[in-house]
Amino acid sequence: MSTPILASINLIFDLSWTHAASGLALYGFCVLYLCLTLVIVGQRTVLTVTGKRKANEFKPRGEGESAFTRRLLRAHANMYEAFPLWGLLLLAIATKQTAVTDGLALYCLGARLAQVAVHLTSTSELAVKIRFSFFLVQLGVFAYWLVGFGTVWFT
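Residue numbers for the sequence shown follow our numbering, beginning at 390 and rising by one.
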């Protein structure tokens with residue numbers, strides 16, 4: 390009898406899933422987005438329930454919040470600002486053109502994870518440059534995918 394835990398352990402050691410890199414990368418993006426959202430919701434829930442803050446006092450850009458919370462809010466906003474480009478993975482999956490995206494999908498996810506990690510860690514000039522370089526990697530991958538789709542569909 391297989392349980393979800395055993396299935397997860399089997400997945401770790403079974404590399405046959407790598408053919409689905411586009412789906413895995415999109416899944417990872419969604420998990421990361423959900424995690425950031427849950428941290429924000431958790432912080433706000435605790436502050437509201439304990440009476441330290443009224444529910445309508447939270448500012449979208451984090452004015453009056455800690456430095457970490459402001460970075461968290463910006464990292465979260467960067468996720469939904471970039472989602473249309475991550476939608477290219479949805480396009481690839483829906484049109485059965487994952488051959489265009491599979492090769493770089495996990496690298497793109499890695500660059501996004503690194504960008505978020507740096508964003509949450511620091512806003513120093515060096516950190517911003519490093520974070521921007523991870524963003525540029527993603528933009529390069531997205532541009533490559535767009536060219537790839539163009540060559541598949543228009544040639």
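C-beta: ideal position from N, C-alpha, C; glycine also.
Use the C-beta contact count for residue i: other C-beta atoms within 10 angstroms, 16 or more gives buried, fewer gives exposed.
i	result
residue 422	buried
residue 513	exposed
residue 411	buried
residue 431	exposed
residue 440	exposed
residue 541	exposed
residue 525	exposed
residue 489	buried
So what's residue i in DSSP terms, helix, strand or just coil?
i	result
residue 486	coil
residue 543	coil
residue 522	helix
residue 513	coil
ask   = How do the stretch 518-534 and the stretch 491-501 stand: do at least 3 beta-carbon pairs fall below 8 Å, yes or no?
value = Verdict: yes, contact present.
key: Segments assigned alpha helix (DSSP H), at least 4 residues, entirely inside the stretch 456-506   = DSSP runs (the alpha helix (DSSP H)) wholly in the stretch 456-506: 456-483.
task = Could I get the ranges of all uninterrupted alpha helix (DSSP H) runs contained in the stretch 413-460, with 4 residues as the minimum, in chain order?
result = Correct list: empty.
query = Given 8 Å as the limit, is there contact between the stretch 447-463 and the stretch 471-481, that is, 3 or more CB pairs closer than that?
reply = Contact fails: fewer than three Cβ-Cβ distances are below 8 Å.
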